[in-house]
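Residue 45 in my numbering is what sits at position 41 of the sequence shown, and the numbering runs on without skipping anything.
In this text, a Cβ means the ideal position worked out from N, Cα and C, and glycines have one as well.
None of the values given here were measured: they were computed from a predicted structure.
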Amino acid sequence: MKKWLIVFSLAFALNFVWENLHSILYLHYKQGLISELILIRASLVDAIIITLLIGVLFFLGLLKRFHWLIIITGVIISISIEVWALTSSRWAYSEAMPIIPFIDVGLTPTIQIAITGYLVYYVVFCRSRIR
5 MKKWLIVFSL
15 AFALNFVWEN
25 LHSILYLHYK
35 QGLISELILI
45 RASLVDAIII
55 TLLIGVLFFL
65 GLLKRFHWLI
75 IITGVIISIS
85 IEVWALTSSR
95 WAYSEAMPII
105 PFIDVGLTPT
115 IQIAITGYLV
125 YYVVFCRSRI
135 R
């Protein structure tokens, strides 16, 4: 149980930093300002997604051999979220957001869950002695 609390906490912390750093690449959230509360909520959702993703792979016995699925699945989840959010006008990008051609979603949100999720996996399951 301790390990999963660390997975969630580390995922939250990494995503909170990420959300704050790349928030300048957005114009708005639901036509309003992007507040710290919105960034905290986004970080919580990201932490839940990462915890569930790593948890499913772990409990299916796939995490050790197929840890790279964190990256692929993270990108797919992120693209899905971005497409939904952009088409429903939940948020909009500023001119500074690098856009991935053909899929027209932002680069930083697309790679966020993949990178932070893999970092969580690496720290908790490869470098930690926590059982």
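What is the C-beta distance between Ile-104 and Thr-91, in whole angstroms, given that I count them as a contact (C-beta under 8 Å)?
-> Going by Cβ atoms, the distance from Ile-104 to Thr-91 rounds to 16 Å, so no, they are not a contact pair.
Of the choices Ile-81, Phe-106 and Ala-51, whose alpha-carbon is the least far from that of Leu-14?
-> Ala-51
Inter-residue Cα distance where the pair is Ile-107 and Val-128 | 33 Å
Tell me which same chain residues have a C-beta within less than 8 Å of the C-beta of Arg-94, skipping the five on either side of it?
-> Tyr-33, Lys-34 and Trp-88
Reduced DSSP secondary structure (H/G/I, E/B, other) of Trp-22 = helix
Three or more beta-carbon pairs under 8 Å between the stretch 67-82 and the stretch 39-46, yes or no?
-> no
For Tyr-125, which residues does DSSP report across the bridge?
-> Looking at the DSSP assignment, Tyr-125 forms no beta bridge with any residue, so it has no partner.
Could you check if Glu-99 is buried or exposed, using at least 16 other CB atoms within 10 Å of its CB as the buried criterion?
-> exposed
Give the secondary structure of Gly-59 by DSSP, where H, G and I count as helix, E and B as strand, and everything else as coil.
-> helix
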